[in-house]
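Asks:
There are 2 protein chains.
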Amino acid sequence: MAELRDNHNIVGKLRQAGLRPTRQRKALGDLLFASGHRHVTAELLHEEALRAHVPVSLATVYNTLHQFTAVGLLRAVPVDGSKTYFDTNTSNHHHFYCENNTRLIDVPNDEMEIVGYPQAPEGMEIVSVDVVVRVREKH
Amino acid sequence: MAELRDNHNIVGKLRQAGLRPTRQRKALGDLLFASGHRHVTAELLHEEALRAHVPVSLATVYNTLHQFTAVGLLRAVPVDGSKTYFDTNTSNHHHFYCENNTRLIDVPNDEMEIVGYPQAPEGMEIVSVDVVVRVREKH
DNA sequence: ATTTGTGCAAATCGTTTGCATCTGA
DNA sequence: TCAGATGCAAACGATTTGCACAAAT
Chain A
1 MAELRDNHNI
11 VGKLRQAGLR
21 PTRQRKALGD
31 LLFASGHRHV
41 TAELLHEEAL
51 RAHVPVSLAT
61 VYNTLHQFTA
71 VGLLRAVPVD
81 GSKTYFDTNT
91 SNHHHFYCEN
101 NTRLIDVPND
111 EMEIVGYPQA
121 PEGMEIVSVD
131 VVVRVREKH
Chain B
1 MAELRDNHNI
11 VGKLRQAGLR
21 PTRQRKALGD
31 LLFASGHRHV
41 TAELLHEEAL
51 RAHVPVSLAT
61 VYNTLHQFTA
71 VGLLRAVPVD
81 GSKTYFDTNT
91 SNHHHFYCEN
101 NTRLIDVPND
111 EMEIVGYPQA
121 PEGMEIVSVD
131 VVVRVREKH
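As you go down the protein sequences, you meet chains A and B in turn. Just so we're aligned, residue 1 is where the first sequence starts under the numbering used here, counting upward by one. Just so we're aligned, residue 1 is where the second sequence starts under the numbering used here, counting upward by one.
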């Protein structure tokens, strides 16, 4: 009887996505999906993995994040900064980006809405609509 | 009678912003503001300047773009990619970002609207709300 | 056995910085 | 004169890549 709370089932997700359930992918998947939704950068996840005694190279973390994104397990969040953020919540929602601590926070779904999907330019199709509300500490 | 069409008046803009009207700032300002609105990257503007026989270093282009942004002559557009885009249209509007040619296009003002300004997290204030509609070539 | 993934170190890309030199008021 | 600008080259930080080695099916 496996743990009941292990309902995020990494191995299943990986298999379903056609990705081999390797040690490092399982470990990173656990870190990402075991508890609620998260916003991570490659660097952050890498440190976390090392702290959890899962020796993974930074290159592999990048590979894994991109593979997970490609198969829809993650969503890349286009913040202005140089770093790329990944969100375990792939459903449609927007973000606050705090300039001071360079962290992402979800915008509660009912607080903002986009009205009117724009018409994509000739010959183009819309891939995604990303909204980033940039905030900073008051004063 | 100075040229009538020279109504963008770089020197005036610079003076008013407390920036010395140097040769390179005037030249870059002309490239940016002489004709309609534009979206540029540092690299692009640099090439353009060289082509126009205005020898400017890339570092100076970066400096200038940031200074212009700081004084409100330009607006930085936070696209996901690694590059930073600058827009001569500083009024409130949104952008299409084309993944194929990495170019920005304005979203016509009436085609999309954000409804409901979200409440910034505790102790934070909103700096800006940026919307990027990412598009790609059909098929 | 074969295919796929991993780790390392070097390479890349956009951007920034330090510092000597030049220039506009 | 002299603060402020510029240019160059080196420094940087995030990300990618090439390739030898290791692990999964």
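All C-beta atoms in this analysis are idealised placements derived from N, C-alpha and C, irrespective of residue type, glycine included. These figures come from a predicted structure and were not determined experimentally.
Bridge partners of SER128 (chain B), per DSSP?
Replies: Residue mapping note: residue 128 (chain B) aligns to position 128 of the second sequence, counting from 1. The partner list for SER128 (chain B) (beta bridge, DSSP) reads A:ARG134.
Asks: Could you have a look at ARG15 (chain B) and say whether DSSP puts it in helix, strand or coil?
Replies: As a working note, residue 15 (chain B) is residue 15 in the second sequence. In the structure shown, ARG15 (chain B) sits in a helix (DSSP, three-state: H, G or I).
Asks: Can you find the residues in the same chain that come closer than 6 angstroms, C-beta to C-beta, to PHE68 (chain A), ignoring five residues on each side of it along the sequence?
Replies: Walking along the first sequence from the start, residue 68 (chain A) turns up at place 68. The residues are LEU74.
Asks: Pull out every residue of the region 42–70 of chain B whose Cβ sits closer than 8 angstroms to any Cβ of chain A, in chain order.
Replies: Result list empty, no residue passes.
Asks: Return the residues of the region 92–105 of chain B that lie within a Cβ-Cβ distance of less than 9 angstroms from chain A, sorted by chain order.
Replies: Those would be HIS94, PHE96, TYR97, CYS98, GLU99, ASN100 and ILE105, in chain order.
Asks: To the nearest angstrom, report how far apart VAL142 (chain B) and GLN16 (chain B) are at their CA atoms.
Replies: For residue 142 (chain B) there is no data in the structure shown, the boundaries of chain B being 1 and 139.
Asks: Please state whether DSSP places TYR117 (chain B) in a helix, a strand or coil.
Replies: Position 117 of the second sequence, counted from the first residue, corresponds to residue 117 (chain B). Three-state result, TYR117 (chain B): coil.
Asks: Among B:VAL133, B:LEU104 and B:VAL127, whose alpha-carbon lies nearest the alpha-carbon of TYR117 (chain A)?
Replies: Looking up residue 117 (chain A) in the first sequence gives position 117. The option with the nearest alpha carbon to TYR117 (chain A) is B:VAL133.
Asks: Does any residue of chain A bring its CB to less than 7 angstroms from the CB of ALA34 (chain B)?
Replies: Here residue 34 (chain B) corresponds to residue number 34 of the second sequence, with the count starting at 1. No, its Cβ sits nowhere closer than 7 angstroms to a Cβ of chain A.
Asks: Quick check on PRO78 (chain A): buried or exposed, where buried means 16 or more other Cβ atoms within 10 Å of its Cβ?
Replies: Here residue 78 (chain A) is taken as the residue at index 78 of the first sequence, counted from 1. PRO78 (chain A) is buried by the Cβ-count criterion.
Asks: Since VAL129 (chain A) and VAL131 (chain B) should fall inside the 8 angstroms C-beta cutoff, what is the C-beta to C-beta distance between them, to a whole number of angstroms?
Replies: The sequence position of residue 129 (chain A) within the first sequence is 129, counting from 1. The sequence position of residue 131 (chain B) within the second sequence is 131, counting from 1. Correct: roughly 7 angstroms between the Cβ atoms.
Asks: Verify whether the separation of the beta carbon atoms of HIS93 (chain B) and LEU104 (chain B) is less than 7 angstroms.
Replies: Within the second sequence, the letter at position 93 stands for residue 93 (chain B). Within the second sequence, the letter at position 104 stands for residue 104 (chain B). In this structure, LEU104 (chain B) does not lie closer than 7 angstroms to HIS93 (chain B) by Cβ.
Asks: Between which two residues does the beta strand (DSSP E) holding ARG75 (chain B) run?
Replies: Locating residue 75 (chain B) in the second sequence gives position 75, where the first residue counts as 1. Taken as a continuous stretch (DSSP letters only), the beta strand (DSSP E) holding ARG75 (chain B) covers 75–77.
Asks: With a cut-off of 8 angstroms on the beta carbons, I'd call THR88 (chain B) and HIS37 (chain B) a contact; round off their distance for me.
Replies: Residue numbering aside, residue 88 (chain B) sits at position 88 when the second sequence is read from its first letter. Residue numbering aside, residue 37 (chain B) sits at position 37 when the second sequence is read from its first letter. Confirmed, Cβ separation roughly 5 angstroms.
Asks: Would you mind stating whether ARG51 (chain B) and ASN100 (chain B) have Cβ atoms separated by less than 7 angstroms?
Replies: Here residue 51 (chain B) refers to the residue found at position 51 when the second sequence is read from its first residue. Here residue 100 (chain B) refers to the residue found at position 100 when the second sequence is read from its first residue. No, the Cβ-Cβ distance between ARG51 (chain B) and ASN100 (chain B) is not below 7 angstroms.
Asks: Got a sec, what are the start and stop residues for the alpha helix (DSSP H) HIS46 (chain A) sits in?
Replies: Taking the first residue of the first sequence as position 1, residue 46 (chain A) is located at position 46. Residues 42–51.
Asks: Counting only the same chain and skipping the five closest in sequence on each side, list residues whose C-beta sits under 8 angstroms from that of ILE10 (chain B).
Replies: For the purposes of this step, residue 10 (chain B) is taken as the residue at position 10 of the second sequence. Cβ within range, chain order: PRO21, ARG25, LYS26, GLY29, ASP30 and PHE33.
Asks: Anything in chain B within Cβ reach of PRO118 (chain A), meaning under 9 angstroms, just list it in chain order.
Replies: Here the question's residue 118 (chain A) lines up with position 118 in the first sequence. Ordered by position in chain B, the residues that pass the 9 angstroms Cβ test against PRO118 (chain A) are HIS94, PHE96, VAL107, PRO108, GLU111, MET112 and VAL133.
Asks: Whose C-alpha, out of B:THR102, B:ASP80, B:PRO108 and B:GLY81, is nearest the C-alpha of SER91 (chain B)?
Replies: Walking along the second sequence from the start, residue 91 (chain B) turns up at place 91. Of B:THR102, B:ASP80, B:PRO108 and B:GLY81, the residue nearest in Cα terms is B:PRO108.
Asks: Quick one: residues in its chain with C-beta nearer than 6 angstroms to the C-beta of VAL40 (chain A), no 5 flanking neighbours on either side, listed in chain order?
Replies: Here the question's residue 40 (chain A) lines up with position 40 in the first sequence. Taken in chain order, the residues that qualify are PHE86.
Asks: Using C-beta distances below 6 angstroms, list every residue in its chain close to GLU48 (chain A), excluding the 5 sequence neighbours before and after it, in chain order.
Replies: The residue given as residue 48 (chain A) occupies position 48 in the first sequence. Result list for GLU48 (chain A): LEU31, in chain order.
Asks: Under the three-state reduction of DSSP, which class applies to HIS66 (chain A): helix, strand or coil?
Replies: The residue labelled residue 66 (chain A) in the question sits at position 66 within the first sequence. Note: HIS66 (chain A) maps to helix in three-state DSSP.
Asks: When burial is assigned at 16 or more other CB atoms within 10 Å of the CB, is ALA2 (chain B) buried or exposed?
Replies: Residue numbering aside, residue 2 (chain B) sits at position 2 when the second sequence is read from its first letter. Interpretation of ALA2 (chain B) is limited by its pLDDT of 41, a score under 50 that renders its predicted location unreliable; no figure is taken from the coordinates.
Asks: Are the beta-carbon atoms of ALA42 (chain A) and LEU14 (chain A) separated by less than 7 angstroms?
Replies: Residue mapping note: residue 42 (chain A) aligns to position 42 of the first sequence, counting from 1. Residue mapping note: residue 14 (chain A) aligns to position 14 of the first sequence, counting from 1. Contact flag unset, no.
Asks: Compute the minimum distance between the beta carbon of ASN101 (chain B) and the heavy atoms of the ligand FMN, and state whether it is under 6 angstroms.
Replies: The ligand FMN is not part of the structure shown, which contains no ligands of any sort.
Asks: Please name the residue in B:ALA120, B:GLU113, B:ASP106 and B:GLU122 whose C-alpha comes closest to that of PRO121 (chain A).
Replies: For this step, residue 121 (chain A) is matched to residue 121 along the first sequence. Comparing Cα-Cα distances from PRO121 (chain A) to each of B:ALA120, B:GLU113, B:ASP106 and B:GLU122, the minimum goes to B:ASP106.
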